[in-house]
Each structure stands twice: as C-alpha cells, then as structure tokens.
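According to UniProt numbering, the residues represented by the sequence shown are 1 to 389, in order.
For every residue, glycine included, the Cβ atom is placed at its ideal position computed from N, Cα and C.
Computed from a predicted model, the values in this text were never measured in an experiment.
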Amino acid sequence: METKVAPIYATLVMGYLEEKLYTELPTVFDINFATYIKENWKRYLDDCFIFWTKSEEELQTFHRTINNIHESIKFTVESSTIELPFLDILIIKEGAKIKTDLYCKPTDTHQYLDVRSCHPSHTKRNIPFNLARRICTIVSESDLKQKRLHELKIFLKRQHYPEGLIDVAIENASQIPINELRRTRDKDENQPGNIPFVITFNPRNHNILSSAKRFFPILEQSQNMKNLIKESEIINSRRQAPNLKRLLTRAKYETSSSTSVQKCGDPRCGTCEIIEEGSSKILKSGHTLRPNDRMNCKSQNLIYCATCPTCNYFYIGQTGRLIDRVRVHKQQIKDPSIRNTPCSKHFDECGTGRFKIFPFYKMKNNDENFRRAKEDYFIELFKPPLNRK
Numbered sequence: 001m002e003t004k005v006a007p008i009y010a011t012l013v014m015g016y017l018e019e020k021l022y023t024e025l026p027t028v029f030d031i032n033f034a035t036y037i038k039e040n041w042k043r044y045l046d047d048c049f050i051f052w053t054k055s056e057e058e059l060q061t062f063h064r065t066i067n068n069i070h071e072s073i074k075f076t077v078e079s080s081t082i083e084l085p086f087l088d089i090l091i092i093k094e095g096a097k098i099k100t101d102l103y104c105k106p107t108d109t110h111q112y113l114d115v116r117s118c119h120p121s122h123t124k125r126n127i128p129f130n131l132a133r134r135i136c137t138i139v140s141e142s143d144l145k146q147k148r149l150h151e152l153k154i155f156l157k158r159q160h161y162p163e164g165l166i167d168v169a170i171e172n173a174s175q176i177p178i179n180e181l182r183r184t185r186d187k188d189e190n191q192p193g194n195i196p197f198v199i200t201f202n203p204r205n206h207n208i209l210s211s212a213k214r215f216f217p218i219l220e221q222s223q224n225m226k227n228l229i230k231e232s233e234i235i236n237s238r239r240q241a242p243n244l245k246r247l248l249t250r251a252k253y254e255t256s257s258s259t260s261v262q263k264c265g266d267p268r269c270g271t272c273e274i275i276e277e278g279s280s281k282i283l284k285s286g287h288t289l290r291p292n293d294r295m296n297c298k299s300q301n302l303i304y305c306a307t308c309p310t311c312n313y314f315y316i317g318q319t320g321r322l323i324d325r326v327r328v329h330k331q332q333i334k335d336p337s338i339r340n341t342p343c344s345k346h347f348d349e350c351g352t353g354r355f356k357i358f359p360f361y362k363m364k365n366n367d368e369n370f371r372r373a374k375e376d377y378f379i380e381l382f383k384p385p386l387n388r389k
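Here's what the structure looks like:
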C-alpha cells in the first residue's frame, strides 16, 4: 500500500489475525506448543519469524491453520535448517548455536547519502556512526563484524565521506557493549510528547528556533499556551527543499513511442524477474500478442498471459494490479490448498514453480465487469490450454 498509514493498517490487521490464531492453536497442537508459539512468535508489520521445533509436516499444518483464519489474507512460508533472513538480519544455525549477520538483498547497491548533498551537516556526520552501530548490533561474531565494518568503510568512501570521520564513527560504535546495543527501550507513556518546529532546510538559514525561543515569554502570557509548552519539548525539524527530481515533471505532450512491455526497474520489485519484455509475444498456438499500450510491472487494469517456461503452455487472466496478481500466482504455486486456477498446479509441476508473464491489453477504464468480459473474449480467441479445468 502506497500510503503513510499503511504500517498502521498492517499492525491492526496482523494483531487481529494473531488473536484469532492464538485462540485456534490449542485445537490444532497441544497446549504446551500452542503456548510456545504465542511466546516466541516475532513480527515486524507483516513479516513474521519463529524458531520451529516440530516436524516439517507440522509446519505445513501450522501454515494451513494461519491461512484459514481469513479468506482474503494468505501467508507464504520460507523455512531453512541452515540460515534464513528476517528483515535486515541473516539468522544462521550452527548446531545448537545461533549466529547473526547483516542481510542485504542482492539488488542492494549501498548508495548511501552523498556527503556533498544539500542536507544538514549533523545528518551527514551521524550517518557513518549509525551505520556502524547497526553492524555492531546485528553481527554477533567478532571476525565477521570487522569484515562488515571494513565493507562499510569502502561504501562510505565511495560516497566521499572523509576517512577520519568514518574511522572515528566505527571506533565509537565498536566501543558500545553488545548488551547496551541490544537493550530494548520501553516507551514511557507519561513522557511529554514532542512538538516539531518544521522549516524547509537551506544551508544559509540560521537557527530560527533558538531565536524563536527568546520570545516564548509572549506565548506564556496565555495559560493554555504556557501549559502546552511546559509539558512538551519543542524539537527542531527540517523538511527537504524541492530538488530537481521534484521540480522536473513529465512533459504534458508525450512523444510518440511504440507500445511495448518493460520492467519497472524498481530494485525491490519481485515482478521484474518474471515479466517478458518486448513489443510482441508468439504463443504456442501460433497467435501473436501485441500490447495495445506501454506497460510494466506496476501497470493496472489489464489482461495478461502467463506462460510455462518448460512447455510454453499459457494462461490468460485479468487483474486490477499486475504486481498483486503475480504475488497471488506465486502463493498458489507454493500452497496447493489455496489454488483456484489449473495453471498453478501446472506451473508447480511442469515449470518447477516458475512462470513468465506478459501483459498485452490495457483497459481504458477501471470497471471489473468490462475487464472480465475482455478476458473471456481473449480466452475464446486464443483457447489457452491452462484455462481449461
């Protein structure tokens, strides 16, 4: 969800699902293991983690149980007896010992903020220390920690940070005891809230807040304002000034270009790896698909073709958002209990879990009924083998 309140939505929904799960578990497992799950279940937003102590078959039972809680919300499971990433941590199992390392996605380019950029100087000074502190917090083994800190130094020097600043930051972070780094800080509900004093950042601006504080006695002439200022701490905050990326927009009149399918280029996109690029696609039946518009992974309201890479059998479908539909296909390939299309079983068995996708018809409106009607038209026209039940 591309919204600022998405984390709140995720937390509320997941909290509701967890309460239902904890009620359901004693009917599936014994009370001791149900209690173990409740006490050891870890979550950040919608990413969950647990050390599983039962068999793989019982893990599948747990997976089916959690997927049956809500008909529209399905979970995917990833397990390993060696190592597994959770957020930015790689958890490694060596016998009865657990080690942790820093986890970075293969697409991570480590392009940290360039020290020459127009940002507050204290922000740029704190970046090396905070990154070094993160490594010291996560990485459990001393030799591996030194390796990660050396890599960090290379990344920061590439962004023109002074070597002296980097060395001091690494030294300061390394001196903090591990128990202090990993200590959980509980939020004090009685602590007064902060009032942000927000201005647009400019390196030529002087400290306006310090000047404003000299005139606080004027505000304190009002009892309400006096109580408000007394109970809260006013903090200095700066918003980023408009940069070229924000100022330069797409031209009102677009230049003509051929219709084609392209990857969106987002390094976090999971659809780029399976989308087929190009201005046409030849089906196994001999028909040729030609996109009627320019489309990519993030296109919406369209008809698509999903193809098995092994035998080239294909499936025609419709979707409101391509990235959501790809995610559902992947979930149904992994979990037979939630499949509702025959193509999922075929992609699992013949394609070994793989498939390619090619969007070729973009609708002019968002009406789902029109989209389904157009899907039926193409199914009748191309007679895709994987649409047959």
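Rounded C-alpha distance that separates residue i from residue j
| i | j | result |
| --- | --- | --- |
| His287 | Cys343 | 19 Å |
| Ile69 | Cys136 | 39 Å |
| Thr65 | Lys4 | 31 Å |
| Ile50 | Val28 | 17 Å |
| His346 | Leu386 | 8 Å |
| Tyr44 | Leu84 | 16 Å |
| Leu228 | Gln300 | 47 Å |
| Lys226 | Ser117 | 39 Å |
| Ile178 | Cys311 | 54 Å |
| Arg372 | His63 | 32 Å |
| Phe11 | Ile333 | According to the sequence displayed, residue 11 carries Thr and not Phe. Each residue's alpha carbon lies about 27 Å from the other. |
| Ser260 | Tyr313 | 22 Å |
| Met1 | Val13 | At Met1, the pLDDT of 44 sits below 50, so the modelled position is not reliable and the matter cannot be decided from this model. |
| Lys20 | Asp348 | 31 Å |
| Leu25 | Glu39 | 13 Å |
| Thr81 | Lys93 | 7 Å |
| Tyr9 | Thr319 | 23 Å |
| Tyr103 | Asp88 | 5 Å |
| Thr23 | Ile31 | 11 Å |
| Asp108 | Pro267 | 8 Å |
| Leu59 | Pro7 | 27 Å |
| Ile357 | His119 | 42 Å |
| Val115 | Asp46 | 34 Å |
| Asp186 | Gly95 | 33 Å |
| Gln240 | Cys350 | 51 Å |
| Lys124 | Arg246 | 22 Å |
| Ala173 | His122 | 17 Å |
| Lys74 | Phe355 | 20 Å |
| Gly265 | Lys298 | 10 Å |
| Glu56 | Ser337 | 16 Å |
Residues sharing a beta bridge with residue i, DSSP
| i | result |
| --- | --- |
| Gly278 | Val261 |
| Val198 | Ser237 |
| Cys48 | Arg43 |
| Met14 | The partner list for Met14 (beta bridge, DSSP) is empty, contrary to what the question assumes. |
| Thr288 | Ile282 |
| Met295 | Val261 |
Closest by C-alpha distance to residue i, when choosing among the options
| i | options | result |
| --- | --- | --- |
| Trp52 | Tyr36, Ile138, Asp46 | Tyr36 |
| Gln175 | Asp186, Leu17, Glu163, Lys145 | Lys145 |
| Glu375 | Ser337, His346, Lys334, Tyr315 | Tyr315 |
| Asn243 | Thr200, Ile282, Leu283 | Thr200 |
| Leu90 | Thr100, Ile82, Ala96 | Thr100 |
| Arg158 | Gln111, Pro384, Asp88, Leu165 | Gln111 |
| Leu156 | His119, Asn194, Leu113 | Leu113 |
| Ser72 | Glu58, Tyr103, Leu17 | Leu17 |
| residue 430 | Gly353, Asp46, Lys42 | This structure does not reach residue 430, given that the chain is present from 1 up to 389, and the question cannot be answered. |
| Pro384 | Thr23, Ala306, Asn296 | Ala306 |
| Glu380 | Gly317, Asn365, Lys97 | Gly317 |
| Arg388 | Gly351, Phe355, Asn340 | Asn340 |
| Ser140 | Ile98, His160, Pro128 | Ile98 |
| Lys153 | Asp143, Ser142, Ile170 | Ile170 |
| Arg86 | Asp367, Cys48, Gly15, Val115 | Correcting the residue identity first, residue 86 is Phe in this sequence and not Arg. With distances taken between Cα atoms, Phe86 lies closest to Cys48. |
| Phe360 | Pro336, Ser285, Arg238, Gln262 | Gln262 |
| Met295 | Gly15, Met363, Gln223 | Met363 |
| Asn369 | Ile303, Cys297, Ser285 | Ile303 |
| Asn126 | Ile166, Glu220, Leu219 | Ile166 |
Does the count of Cβ pairs from the segment 256-274 and the segment 320-328 closer than 8 Å reach three?
Judged by Cβ distances under 8 Å, the segment 256-274 makes contact with the segment 320-328, as three or more pairs qualify.
In chain order, which continuous runs of the beta strand (DSSP E) of length 3 or greater are located wholly inside the segment 301-365?
Listed in chain order, the complete beta strand (DSSP E) runs (minimum 3 residues) inside the segment 301-365 are 314-321, 356-362.
Assess, as a yes-or-no matter, whether the segment 215-230 is touched by the segment 118-138 under the definition of 3 or more beta carbon pairs within less than 8 Å.
The segment 118-138 is not in contact with the segment 215-230.
So within the segment 54-140, which uninterrupted alpha helix (DSSP H) runs reach at least 4 residues, ignoring any that extend past its ends?
Counting whole runs of 4 or more residues, the segment 54-140 contains the alpha helix (DSSP H) stretches 56-67, 121-138.
Counting beta carbon pairs with one atom in the segment 222-238 and one in the segment 200-211, are three or more of them shorter than 8 Å?
yes
Cβ pair count under 8 Å reaching 3, the segment 277-285 against the segment 327-341
no
What are the uninterrupted segments assigned as alpha helix (DSSP H) that are 4 or more residues long and contained completely in the segment 137-192, given in chain order?
If only complete runs of 4 or more residues are kept, the segment 137-192 shows the alpha helix (DSSP H) at 142-158, 163-174, 178-181, in order along the chain.
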